[in-house]
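K.L.:
Numbering (my numbering), first residue to last: 1 to 114.
#1: Can you tell me which residues form a DSSP beta bridge with residue 103?
#2: The beta strand (DSSP E) spanning residue 67 covers which residue range?
#3: With H, G and I counted as helix, E and B as strand and the rest as coil, what does DSSP make of residue 61?
#4: In angstroms, rounded to a whole number, what distance separates the CA positions of residue 87 and residue 31?
#5: Can you give the Cα-Cα distance for residue 56 and residue 42, rounded to whole angstroms?
#6: Less than 6 Å between C-beta atoms, sequence neighbours within five positions excluded: which residues of the same chain meet that for residue 115?
#7: Compare the Cα-Cα distances from residue 22 to each of 113, 111, 103 and report the closest residue.
#8: Less than 6 Å between C-beta atoms, sequence neighbours within five positions excluded: which residues of the same chain meet that for residue 92?
#9: Run through DSSP, which three-state label would residue 6 get?
In structure tokens, the structure reads:
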């Protein structure tokens with residue numbers, strides 16, 4: 001099993017920044033890709049960004065240039081730095097880790113509102 005715990009969500013005004021963190025534990029040596037997904041009210045969960053064990057990344061078009069995903073394989077952490085936040089970024093953000101299957105954290109709420 002892999003356990004994932006997110007932190008760093010909160011409320012911010014448009015144009016603001018937040019940094020999400022995700023701590024992985026358990027059979028972490030089996031983890032390949034890690035990522036961040038989000039789910040807004042009434043919408044399906046969508047990919048925000050993923051990062052491979054070697055460091056290659058991919059982003060949703062809507063967040064390119066504003067969000068940066070990174071991981072620390074020593075600390076077993078993955079981060080999502082978010083800049084220039086928009087109201088449409090409001091969602092519950094979930095950390096994911098792909099091992100023999102996909103594991104998910106419990107989610108952290110990000111609210112962007114004036």
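Positions of the beta carbon are idealized from the N, C-alpha and C atoms, including for glycine.
P.N.:
A quick look at the data gives this:
#1: 97
#2: Run containing residue 67: 67-72, per the beta strand (DSSP E) assignment.
#3: helix
#4: 32 Å
#5: 31 Å
#6: Limits of the chain in this structure are 1 at one end and 114 at the other, which puts residue 115 out of reach.
#7: Considering only alpha carbons, the answer is 103.
#8: 39, 107, 109
#9: strand
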